[in-house]
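*Asks:* What follows is a structure written as structure tokens; I'll ask about it next.
Numbering (my numbering), first residue to last: 1 to 601.
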């Protein structure tokens, strides 16, 4: 049976047509009827459909009758294309034996095309190169095929051309998948070993695991053991997605399906764990996955302090569905109790926050995102700083390091000058440059992650009229001239507004933040100084002027000393008020100030 199973992923740059191709494959193989068909069928989240992007990898089982009369089972995984979700792609590839590498015939190979191709090559997968959108008037399939052949090696004539929109070339692609992608290599008679490559929480069923059976077989009702946690449960249900959920009684080596054990406690299931049988356990677990490394950290705080536990439960459930999410409790004098959450990028952060607000009905305040810094102290110990509040006193710091990334930018050659200008303004240094074709160039830069994660991609797109594509990977830490900028209200630091930045940009950040807060903080009964400081050195100041009562309103004419007495009396009162009064900062001011884009300051 396993000789007629094919497990594959569709990988590509963002917007090159992965989900549309999955639609056509399901339609051609009869997995869905014409009445059930809709665009991007596997993008089940509202957010995915609204934004037109894939956020979660989704698997589906297709049945295809080849020209030789044999019925083949094709387990297809549709993956995201955005750089923030590359961890989702790498996990999906671990459950596959091959990959369809999709390239837009009009745009050619882009940064994520290369990155995902290298991921598949490292995983040892058989790659089927495919040119999509050959029906477009601007399509140049020959040029795109030559680029793919240059990346993978081989003959451009072997690259298949399809149109996921019209269905042209779909049968040829299915035949190529059946012939080129190898069958699973597992042993059906060996002890069960199944890889958990995804999971989600269902209110009625509990934790639902997506598994790829590598060796052996699993039957409904058998007792299973999760090797990483040591927990034992019954396999209450087995199912496959076609994309309708269809219950089955057995999954054997090479097959992909769903395992439901009735587990309600989220911490008992881990993505990357190995499932085996209690009666005949495997001796060695499968390799699993590398731990995801968060790139960006931000504080998430509930607007209503009573929602803290609800936020914790929501993060636990979301972590089951998104294995790259990392979080820990955090307190802020300004915002109360919340969590410091690690993300793979700004889009990932935006998606997670929106899912928490929509799916779990929470109202959240998020602090300005920051990256993880590394500090070497005078006793030579090294610590990682995920929040500006954690930075120790600078007198005990020997050196401060920030994470760097190697960024790959692919763009038309006419934009080389403007790209160089942008990257150099972000403290980047060129690694190398090469022409992929006479019209397109690949630039490799090394630059600080903090300069990339905020608005670098937006500026890159706007300066190149949307033609540039970006991919980046971490390359370690480098020593930098970094400082912590504190914002003080009436002499007291407000931790929510603190940040770690390069010394050259510290004054710009401080000036922008104090000007913003002066507009947002309501006037008190006394002057409120707003200051930006590096240590004890004040770098910028604004003042929210006090409310004043017109104490001279009833003084018509008369001696000036009478007026002066009233003014001095008011002045003394404000001085006493300043000694005992506290500055009230409304929640709206925190939200508005933290949403301001620091690069625009």
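Backbone N, C-alpha and C fix where the C-beta goes; we use that ideal spot for every residue, glycine too.
None of the values given here were measured: they were computed from a predicted structure.
For residue 306, is the classification buried or exposed, using 16 other Cβ atoms within 10 angstroms of its Cβ as the cut-off for buried?
*Replies:* With fewer than 16 other Cβ atoms within 10 Å, it is exposed.
*Asks:* Taking 7 Å as the line, does the beta carbon of residue 514 fall inside it for any heavy atom of the ligand GTP?
*Replies:* Of the ligands one can find in the structure shown there are none, so the ligand GTP has no counterpart to examine.
*Asks:* Taking 8 Å as the CB-CB cut-off, is residue 326 touching chain B?
*Replies:* This model lacks chain B altogether; it includes just one protein chain.
*Asks:* Thinking C-alpha only, which one of 337, 130, 71, 363 is nearest residue 157?
*Replies:* The candidate whose alpha carbon is nearest that of residue 157 is 130.
*Asks:* Does the Cβ-Cβ distance between residue 163 and residue 217 come in under 8 Å?
*Replies:* no
*Asks:* Would the beta-carbon of residue 384 fall within 8 Å of that of residue 480?
*Replies:* No.
*Asks:* Quick one, which of 165, 103, 209, 528 has its alpha-carbon nearest residue 141's?
*Replies:* Nearest of 165, 103, 209, 528 to residue 141, Cα basis: 103.
*Asks:* How about the stretch 4-22 and the stretch 219-228: do they share at least three Cβ pairs that are nearer than 8 Å?
*Replies:* no
*Asks:* Considering only residues of the same chain and omitting the five flanking positions on each side of residue 93, which have a CB-CB separation below 7 Å?
*Replies:* By the criterion of a C-beta distance shorter than 7 Å, residue 93 is surrounded in its chain by 9, 99, 119, 120, 123, 125, once the five residues flanking it on both sides are discounted.
*Asks:* Which residues in the same chain as residue 264 place their Cβ atom closer than 8 Å to its Cβ, once the five residues preceding and following it in sequence are excluded?
*Replies:* 206, 207
*Asks:* For the stretch 511-524 against the stretch 457-469, do three or more pairs of beta-carbon atoms, one drawn from each stretch, fall closer than 8 Å, so that the two count as touching?
*Replies:* no
*Asks:* Go ahead and label residue 26 buried or exposed: buried means 16 or more other beta carbons lie within 10 angstroms of its beta carbon, across all protein chains shown.
*Replies:* Residue 26 should be labelled buried.
*Asks:* Check whether the stretch 296-312 and the stretch 358-370 touch, using three or more Cβ-Cβ pairs below 8 Å as the test.
*Replies:* yes
*Asks:* Figure out for me which residue from 255, 249, 238, 229 has the closest Cα to the Cα of residue 187.
*Replies:* The candidate whose alpha carbon is nearest that of residue 187 is 255.
*Asks:* Alpha carbon to alpha carbon, how far is residue 449 from residue 405?
*Replies:* 6 Å
*Asks:* Considering only C-alpha positions, which residue in the set 466, 77, 65, 29 is nearest to residue 18?
*Replies:* If we check each option's Cα against that of residue 18, 77 comes out closest.
*Asks:* Looking at C-alpha atoms only, which residue of 32, 73, 200 is the closest neighbour of residue 184?
*Replies:* 73
*Asks:* Taking one C-beta from the stretch 409-425 and one from the stretch 441-448 each time, how about it: are there three or more such pairs within less than 8 Å?
*Replies:* Contact check between the stretch 409-425 and the stretch 441-448: three or more CB pairs, one atom from each, fall below 8 Å, which counts as touching.
*Asks:* Report the rounded CA-to-CA distance for residue 545 versus residue 421, giving the unit in angstroms.
*Replies:* 41 Å
*Asks:* Among 127, 363, 269, 169, which one has its Cα closest to the Cα of residue 21?
*Replies:* The candidate whose alpha carbon is nearest that of residue 21 is 169.
*Asks:* When you compare only the Cα positions, how much space is there between residue 391 and residue 180?
*Replies:* 54 Å
*Asks:* Please state if the CB of residue 212 and the CB of residue 197 are separated by a distance shorter than 8 Å.
*Replies:* Yes, these two residues count as a Cβ contact at 8 Å.
*Asks:* Quick check: the Cα distance between residue 12 and residue 149, rounded to an integer number of angstroms?
*Replies:* Approximately 15 Å between the Cα atoms of the pair.
*Asks:* Note down, in chain order, each residue of its chain lying with its Cβ closer than 6 Å to the Cβ of residue 327, except the 5 sequence neighbours on either side.
*Replies:* 315, 339, 341
*Asks:* Would residue 349 be called buried (16 or more neighbouring beta carbons within 10 Å of its own) or exposed?
*Replies:* By the 10 Å Cβ count, residue 349 comes out buried.
*Asks:* Drop a sphere of 10 angstroms on the beta-carbon of residue 398, count the other beta-carbons inside from all chains shown, and report buried for 16 or more, exposed for fewer.
*Replies:* exposed
*Asks:* How should residue 415 be labelled, buried or exposed, when 16 other C-beta atoms within 10 angstroms of its C-beta is the threshold for buried?
*Replies:* Around the beta carbon of residue 415, 16 or more other beta carbons sit within 10 angstroms, so the residue counts as buried.
*Asks:* Below 8 Å on the Cβ atoms is my guess for residue 215 versus residue 192; work out the distance and round it to an integer in Å.
*Replies:* 7 Å
*Asks:* Apply the 10 Å Cβ neighbour rule to residue 210 and answer buried if 16 or more other Cβ atoms are within range, or exposed otherwise.
*Replies:* buried
*Asks:* Tell me where the alpha helix (DSSP H) around residue 425 begins and ends.
*Replies:* 416-425
*Asks:* Counting Cβ pairs closer than 8 Å, one from the stretch 466-474 and one from the stretch 488-495, do we hit at least three?
*Replies:* Touching, no.
*Asks:* Report buried or exposed for residue 138, applying the criterion of at least 16 other Cβ atoms within 10 angstroms of its Cβ.
*Replies:* exposed
*Asks:* Contact check, residue 563 vs residue 555 under 8 Å by CB: the rounded distance?
*Replies:* 5 Å
*Asks:* Name the one or two DSSP bridge partners that residue 74 has.
*Replies:* 6, 62
*Asks:* Mind pulling the beta strand (DSSP E) runs of 3 or more residues that sit fully within the stretch 473-526?
*Replies:* 482-489, 499-502
*Asks:* With distances taken from CA atoms, which of 417, 133, 487, 114 is nearest residue 541?
*Replies:* 487
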